[in-house]
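Notes follow the structure.
Residue numbers (the numbering used here): 5 to 164.
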């Protein structure tokens, strides 16, 4: 069981007593198996990916995930990398494997398939947040309570 397990209705980050960071849904046999596993817990906050087994989570899925097993409510936050493009994401264009846009930089040697991006580039920003089909729009449409931004230190790569 989670540390400080409770059946509170959590509606604000200040109320969170425990959390789980679970961005490896491929370890579950299906999207529904992943949802079932999370809803069987009593964490106050879950940080998860927008996708489970290559299927985008829906508003109905997120509504289910907001319920703790003990009847309490939890916050559901979505993971999003803003400093690297990932070649397994829905936005990845297969032509980029041979001819990357100028805003995609070096591959991360620690995470194959993840590429540093020139985050100030308008094309990248359009993928992440600047239009109605952006990554952020998909997250808000699904009903997540917020977004966990990863690779916010991307500037360090470009300082060198």
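Just so you know, even glycine gets a beta-carbon here, dropped at the ideal spot from N, CA and C.
Write down the C-beta distance between residue i and residue j rounded to the nearest angstrom, noting that I regard them as a contact closer than 8 angstroms.
{"i": "residue 104", "j": "residue 158", "result": "16 angstroms between Cβ atoms; not a contact."}
{"i": "residue 48", "j": "residue 79", "result": "7 angstroms"}
{"i": "residue 156", "j": "residue 81", "result": "Between residue 81 and residue 156 the Cβ distance is about 15 angstroms, and since that is not below 8 angstroms, they are no contact."}
{"i": "residue 83", "j": "residue 51", "result": "6 angstroms"}
{"i": "residue 100", "j": "residue 108", "result": "7 angstroms"}
{"i": "residue 117", "j": "residue 90", "result": "6 angstroms"}
Kindly list the residues whose CB is nearer than 6 angstroms to the CB of residue i, restricted to its own chain and excluding five residues on each side of it in sequence; keep chain order.
{"i": "residue 11", "result": "74, 75, 76"}
{"i": "residue 24", "result": "47, 50"}
{"i": "residue 3", "result": "The chain is shown from 5 up to 164; residue 3 falls before or after that span and cannot be answered."}
Taking the beta strand (DSSP E) that residue i falls in, what are its first and last residues?
{"i": "residue 125", "result": "Here residue 125 belongs to no beta strand (DSSP E), and DSSP marks it neither H nor E."}
{"i": "residue 111", "result": "108-111"}
Does DSSP classify residue i as helix, strand or coil?
{"i": "residue 65", "result": "helix"}
{"i": "residue 90", "result": "strand"}
{"i": "residue 31", "result": "helix"}
{"i": "residue 135", "result": "coil"}
{"i": "residue 13", "result": "strand"}
{"i": "residue 101", "result": "helix"}
{"i": "residue 146", "result": "helix"}
{"i": "residue 40", "result": "helix"}
Keeping to the same chain, check which residues put their C-beta closer than 8 angstroms to that of residue i; ignore five residues upstream and five downstream.
{"i": "residue 60", "result": "54, 94, 142, 146"}
{"i": "residue 41", "result": "32"}
Is the beta carbon of residue i within less than 8 angstroms of some heavy atom of the ligand NAD?
{"i": "residue 134", "result": "Here there are no bound small molecules, and the ligand NAD is not part of this structure."}
Taking DSSP's pairing of strands, which residues face residue i in a bridge?
{"i": "residue 49", "result": "23, 79"}
{"i": "residue 153", "result": "84"}
{"i": "residue 59", "result": "56"}
{"i": "residue 118", "result": "90"}
{"i": "residue 71", "result": "77"}
Where do the N-terminal and C-terminal ends of the alpha helix (DSSP H) with residue i fall, by residue?
{"i": "residue 163", "result": "159-163"}
Quick one: what's got a C-beta closer than 7 angstroms to residue i's C-beta in the same chain, skipping five residues either side?
{"i": "residue 2", "result": "In the structure as shown, the chain starts at 5 and stops at 164, and residue 2 therefore has no counterpart that could be examined."}
{"i": "residue 122", "result": "107, 109, 128"}
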